[in-house]
Amino acid sequence: MTDPHELRVLNPATEEVVATVPAASEEDVAAAVVRAVRAQRTWAAVAPADRARLLRRFADAVDAHTEELAQLEVREAGHTVGNARWEAGNARDLLLYAAGGAERLLGSQIPAPGGWNVTFQEPLGVIGVIAPWNFPMPIAAWGSFPALAAGNAVVLKPAETTPLTALRLAELALDAGLPEHLFQVLPGYGATAGRALVDHPDVAKIVFTGSTRTGREVMERCARLVKPVTLELGGKSPNIVFADADLEAALDPFSFLDNSGQDCCARTRILVQEPVFEQARDFLADALAAVVVGDPADEKTRMGPLISRQQLDRVRSYVPEDAPALRGTAPDGPGFWFPPTVLTGERPDGPAATEEIFGPVAVLLPFTDEQDAVRLADDTPYGLSGSIWTRDVGRALRVSQAVRAGNLSVNSHSSVRYWTPFGGYKQSGLGRELGPDALTAFTQTKNVFISTEGPAQ
Ligand code: NAD
2 MTDPHELRVL NPATEEVVAT VPAASEEDVA AAVVRAVRAQ RTWAAVAPAD RARLLRRFAD
62 AVDAHTEELA QLEVREAGHT VGNARWEAGN ARDLLLYAAG GAERLLGSQI PAPGGWNVTF
122 QEPLGVIGVI APWNFPMPIA AWGSFPALAA GNAVVLKPAE TTPLTALRLA ELALDAGLPE
182 HLFQVLPGYG ATAGRALVDH PDVAKIVFTG STRTGREVME RCARLVKPVT LELGGKSPNI
242 VFADADLEAA LDPFSFLDNS GQDCCARTRI LVQEPVFEQA RDFLADALAA VVVGDPADEK
302 TRMGPLISRQ QLDRVRSYVP EDAPALRGTA PDGPGFWFPP TVLTGERPDG PAATEEIFGP
362 VAVLLPFTDE QDAVRLADDT PYGLSGSIWT RDVGRALRVS QAVRAGNLSV NSHSSVRYWT
422 PFGGYKQSGL GRELGPDALT AFTQTKNVFI STEGPAQ
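If you read the sequence shown in my numbering, its first letter stands for residue 2, the second for the next number, and so on.
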């Protein structure tokens with residue numbers, strides 16, 4: 002039975018209770034927004050260099066607590082400890098990048114007959130950030146830190162299962178000297194705290210990361226208040242492997258197994274050109290068998306558990322026991338384990354090939370030529386990311402122009418850099434995070450016309 006007043010955080014590798022955290026009510030959200038409105042007014046008046054200095058101090062605090070934050074992420078989310086350290090580093094680096102942006106937020110001046118136009122980029126006010134459980138720390142950071150740097154306050158609602166790293170980040174922000182109530186973290190349920198944040202008239206913008214289904218509802222509710230929204234939603238990304246590619250690099254199983262496949266950018270549609278299809282299948286069979294799945298706190302582990310029993314049931318529902326597949330191994334319970342799996346007998350338009358499974362499961366499909374590859378790559382409602390592997394530069398450029406996705410990589414599986422824009426096409430989302438425009442996404446433009454003609458006589 003779920004208690005509406007508290008959240009029980011389970012270690013997904015052991016099913017032990019790691020912590021119990023109060024769940025915010027609608028009233029708690031409303032009170033937090035009132036405090037945030039006040040804090041934001043003070044913060045917006047802080048000089049850019051001072052704002053940047055405080056954010057850099059916050060970055061230093063994150064850096065000094067990397068190991069603690071990483072171990073928390075291991076315990077609440079089941080991330081491998083190596084990945085969790087990277088995530089803390091990503092949060093730190095984004096803070097440093099955003100601090101630099103705080104010093105360079107400019108307006109402009111547009112000449113006009115009889116006067117000047119002065120154009121300002123003003124902070125929006127209070128930003129509501131709603132995060133999922135799959136990357137609790139980085140996604141809390143992406144939505145919040147550029148918003149703070151641009152002069153806003155943030156109220157962040159982490160996912161029900163993973164509130165701990167976000168709560169710790171908020172404590173570190175306070176320790177670093179950020180004003181009280183500027184960065185508030187309110188763990189709670191989506192249907193209560195999440196909705197209350199979305200519906201609050203003094204929350205100026207919502208940054209939502211999560212499933213396409215919930216994102217649709219969030220957008221509908223924001224529409225009622227004409228509230229801007231950034232949506233970072235699901236994915237079903239292609240890994241397009243041409244026959245001339247470096248097969249070993251292209252078929253790295255961590256292109257879809259990272260974070261146990263609970264990665265919106267996971268390359269879960271492995272598309273391989275026909276001449277090397279059999280070779281690819283053999284390579285993947287060996288690669289899956291070699292993946293070390295187990296205790297995520299162990300430095301040697303490459304893949305941990307899924308987040309919850311609910312997620313395990315969902316993944317299982319896509320992989321019947323008799324489905325033709327290549328399979329690795331995984332521990333038995335306790336814990337929410339599923340083996341690395343590549344389905345080999347799926348139809349390209351079937352559920353496993355087109356729906357986001359969000360587990361360590363990919364489908365392997367053949368293609369004939371460039372056109373066929375692009376058609377298959379785009380044949381889902383999603384358009385978040387993808388990889389193109391070939392030694393032919395012209396083809397790499399043609400295919401990366403043709404595929405409809407927000408983040409592509411050529412001869413690489415990398416998707417996320419804090420200094421480049423990130424976001425989806427189609428039902429993968431709306432708006433962009435990170436990159437050079439991350440701060441301006443949290444501002445609104447005001448133009449003031451100043452007459453040089455003097456007051457009318
Ligand atoms: P989810 O949609 O179930 O929940 C996401 C968040 O929304 C949680 O904090 C939840 O409490 C909250 N929520 C739920 N109902 C709500 C409502 N009615 N109003 C307001 N908030 C509500 O998603 P999830 O299962 O936690 O996360 C997995 C999904 O996130 C996957 O689809 C994944 O692809 C997506 N994701 C996308 C990106 C991206 O950048 N595009 C990144 C990570 C995860």
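Glycine residues also receive a C-beta, built at the ideal position from the N, C-alpha and C atoms.
All values reported here derive from a predicted model rather than from experimental measurement.
By the 16-neighbour rule on beta-carbons within 10 angstroms, residue 111 is exposed.
A direct Cα-Cα distance of roughly 20 Å separates residue 427 from residue 272.
Burial is judged here by how many other beta carbons sit within 10 angstroms of a residue's own beta carbon; residue 451 has fewer than 16 and is exposed.
Straight-line measurement puts the Cα of residue 418 at about 30 Å from the Cα of residue 315. Among the bridge pairs identified by DSSP, residue 210 is matched with 233. With a cut-off of 7 Å, the C-beta of residue 212 is classified as near the ligand NAD, since at least one heavy atom of the ligand falls inside that distance. By the neighbour-count criterion, in which 16 or more other beta carbons inside 10 Å mark a residue as buried, residue 449 falls on the exposed side. If only complete runs of 3 or more residues are kept, the region 144-216 shows the beta strand (DSSP E) at 154-158, 184-186, 204-210, in order along the chain. DSSP, read as helix, strand or coil, puts residue 139 in helix.
Contact check for residue 236 against residue 307 fails: the beta carbons are separated by 8 Å or more.
Annotated three-state conformation of residue 243 is coil, per DSSP. The continuous beta strand (DSSP E) containing residue 446 extends over residues 444-452. A residue is called buried when at least 16 other Cβ atoms come within 10 angstroms of its Cβ; residue 329 meets this threshold and is buried. With fewer than 16 other beta carbons inside 10 angstroms of its own, residue 116 counts as exposed. Here the distance from the Cβ of residue 196 to the nearest heavy atom of the ligand NAD is below 7 Å. Under the criterion of beta carbons closer than 8 Å, residue 187 and residue 25 qualify as touching, at roughly 4 Å. Separation of the CB atoms of residue 274 and residue 242 is rounded to 7 Å, and the pair is thereby assigned contact status at 8 Å.
Just so you know, the alpha carbons of residue 289 and residue 340 end up roughly 9 Å apart. As computed with DSSP, residue 363 is found in a beta bridge with 343. Taking each of 146, 402, 156, 63 in turn and checking the Cα distance to residue 196, the smallest one comes out for 156. In the structure shown, residue 118 adopts extended strand secondary structure according to DSSP, grouped into three states. In this structure, residue 38 lies near residue 203, with their beta-carbon atoms less than 8 Å apart. Not one heavy atom of the ligand NAD falls within 7 Å of the beta-carbon of residue 204. Sorting 234, 79, 333, 227 by C-alpha distance to the C-alpha of residue 215 places 234 at the top. In the DSSP assignment, residue 401 falls within the unbroken alpha helix (DSSP H) covering 394-403.
Exclusion of the five residues before and after residue 367 leaves 272, 273, 274, 275, 278 as the residues of its chain whose Cβ lies within less than 8 Å of its Cβ. The beta carbon of residue 403 sits closer than 6 Å to those of 375, all from its chain and outside the five residues before and after it, given in chain order. An exposed status is given to residue 6, since fewer than 16 other beta-carbon atoms sit within 10 Å of its beta-carbon. According to DSSP, residue 273 shares a beta bridge with 242, 367.
The closest heavy atom of the ligand NAD lies 7 Å or more from the beta carbon of residue 91.
Look at residue 124 here: in three-state DSSP terms it is strand.
Taking the Cβ atoms as the reference, residue 407 lies roughly 11 Å from residue 436, outside the contact range of under 8 Å. Distance from the C-beta of residue 134 to the nearest heavy atom of the ligand NAD is below 7 Å. DSSP places residue 112 in the uninterrupted beta strand (DSSP E) bounded by 109-113. With respect to the C-alpha of residue 380, the residue from 238, 303, 456, 416 having the closest C-alpha is 238.
Taken atom to atom, the span from the alpha-carbon of residue 205 to that of residue 382 is near 29 Å.
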